[in-house]
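Student:
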Amino acid sequence: MSSKFGGVKLEGGVVGGYEVILGTATSPITLTNQSARNLFIQNPNGPKLITLPSTGVKAGEVFRLQVEGATETNLVTIRTASLSNIDFIGGEGFIEVMALRDNPTLAEHWKVIDAQEETSLITVTTTQAVAVTMNFRCFRERPRLINALCGIHFAASSTATAATFIEIRWPAGTIPERFRPGANRNQPCGVLTLSANQTGHAIFFANGQVDFRKFDGSNFASTSGLPSQQIQWMY
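Offset between the sequence shown (1-based) and the working numbering: plus 82.
Given below as structure tokens:
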């Protein structure tokens with residue numbers, strides 16, 4: 083399997099400073115101090131564990147993990163030599179981690195200095211005999227040494243042409259933990275304009291629960307679904 087990255091054809095191995103990890107390998111990958119500091123992982127076909135090195139790593143060294151084609155079921159996990167998880171990518175994006183001390187072994191010996199990720203989720207719930215599908219496109223950014231920005235694009239549609247619902251709830255855990263608002267923050271809320279004289283709102287909770295509430299009990303003609311909205315917050 084080959085791919086192109088940065089205009090260079092990749093066949094695996096180390097190319098242009100990137101160590102290429104293709105999706106056929108599902109076993110954990112343990113890096114050493116001789117490994118490339120830039121990793122490119124493409125289309126993992128199962129959960130993939132990347133273990134950072136310890137011996138020989140100096141404080142201030144940075145490892146960058148670039149991911150393409152991951153999903154929530156095929157998460158890429160970056161972890162320490164002591165097997166403590168540092169961060170995850172379940173979509174497209176990258177993570178940069180910096181060693182805070184020589185020979186780092188624990189999670190506190192590393193710092194995520196930059197990260198960007200975007201992933202899509204589709205979840206279905208049934209309420210009042212109406213099946214409603216909610217599409218979430220989650221994203222996050224962590225600029226260097228600045229608080230992270232997190233957000234969700236969301237839209238919903240119903241299998242019925244007209245649905246009477248006041249509240250729909252997607253349970254705890256619907257939104258992956260790394261995209262949720264902080265437990266001690268206000269819960270982000272996005273307002274939706276459904277149709278003439280009808281509005282509703284979606285609320286995102288720290289436990290990953292999502293509530294959609296319509297402000298009246300009349301039918302909502304859902305052939306075109308709810309209009310796509312975006313909400314974002316710092317965490």
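Virtual Cβ for every residue (Gly too), placed ideally from N, Cα, C.
Values in this document were obtained by computation on a predicted structure and should not be read as measured data.
Could you tell me the distance, in whole angstroms, from the CA atom of G205 to the CA atom of A118?
Tutor: Locating residue 205 in the sequence shown gives position 123, counting from the first residue. Locating residue 118 in the sequence shown gives position 36, counting from the first residue. In the sequence on display, residue 205 carries Thr and not Gly. Taking C-alpha positions only, T205 is separated from A118 by approximately 38 Å.
Student: As an exercise, report each continuous beta strand (DSSP E) stretch of at least 3 residues that is fully enclosed by the segment 147-198, in chain order.
Tutor: 158-161, 167-171, 174-181
Student: Checking the sheet assignment: what are the DSSP bridge partners for R295?
Tutor: Translated into the one-based positions of the sequence shown, residue 295 becomes position 213. Bridge partners of R295: E249, H283.
Student: Can you tell me which of the three DSSP states R222 falls into?
Tutor: Counting from one through the sequence shown, the residue named residue 222 turns up at place 140. Three-state DSSP puts R222 in a strand.
Student: Please go through the same chain and pick out, in chain order, the residues whose beta-carbon is closer than 6 Å to the beta-carbon of I132, but skip the five residues on each side of it.
Tutor: Taking the sequence shown and counting its residues from 1, one reaches residue 132 at position 50. The beta carbon of I132 lies closer than 6 Å to those of I111, I160 in the same chain, with the five residues before and after it left out.
Student: Between which two residues does the beta strand (DSSP E) carrying I132 extend?
Tutor: Taking the first residue of the sequence shown as 1, we reach residue 132 at position 50. In the DSSP annotation of this structure, the continuous segment of the beta strand (DSSP E) that includes I132 starts and ends at 130-133.
Student: Excluding the 5 residues flanking I168 on each side, which residues of the same chain have their C-beta closer than 7 Å to its C-beta?
Tutor: As a working note, residue 168 is residue 86 in the sequence shown. The answer, listed in chain order, is I160, R161, T162, V179, A189, W192, V194.
Student: Cβ atoms of E249 and R295: under 8 Å apart, would you say?
Tutor: As a position in the sequence shown, residue 295 is number 213, starting the count at 1. As a position in the sequence shown, residue 249 is number 167, starting the count at 1. Yes, these two residues count as a Cβ contact at 8 Å.
Student: With a CB to CB cut of under 7 Å and the five nearest residues on each side skipped, what residues in its chain are close to P253?
Tutor: Your numbering for residue 253 matches position 171 in the sequence shown. Excluding positions up to five away in sequence, the list reads Q291.
Student: If you draw a straight line from the C-alpha of I257 to the C-alpha of T207, how long is it?
Tutor: Along the sequence shown, read from residue 1 onward, the residue named residue 257 stands at position 175. Along the sequence shown, read from residue 1 onward, the residue named residue 207 stands at position 125. Rounded to the nearest angstrom, the two C-alpha atoms are 14 Å apart.
Student: For the candidate residues I234, P186, L121, whose alpha-carbon lies nearest to that of K140?
Tutor: Here residue 140 refers to the residue found at position 58 when the sequence shown is read from its first residue. Nearest option by C-alpha distance: P186.
Student: Is the Cβ-Cβ distance between F145 and L134 less than 8 Å?
Tutor: Taking the first residue of the sequence shown as position 1, residue 145 is located at position 63. Taking the first residue of the sequence shown as position 1, residue 134 is located at position 52. Yes.
Student: Sorted by chain position, which residues of the same chain lie with C-beta nearer than 8 Å to E259's C-beta, five sequence neighbours on each side aside?
Tutor: On the sequence shown, residue 259 is found 177 positions in, with the first residue counted as 1. The answer, listed in chain order, is G290.
Student: Using only the alpha-carbon positions, how far apart do R219 and T155 sit?
Tutor: Along the sequence shown, read from residue 1 onward, the residue named residue 219 stands at position 137. Along the sequence shown, read from residue 1 onward, the residue named residue 155 stands at position 73. So the two alpha carbons sit approximately 15 Å from each other.
Student: For Q269, count neighbouring Cβ atoms within 10 angstroms of its own Cβ and tell me buried if that reaches 16, exposed if not.
Tutor: The residue given as residue 269 occupies position 187 in the sequence shown. When all chains shown are included, Q269 counts as exposed.
Student: Expressed to the nearest angstrom, what Euclidean distance is found between the alpha-carbon atoms of C271 and Q312?
Tutor: Along the sequence shown, read from residue 1 onward, the residue named residue 271 stands at position 189. Along the sequence shown, read from residue 1 onward, the residue named residue 312 stands at position 230. Between C271 and Q312, the C-alpha separation is close to 10 Å.
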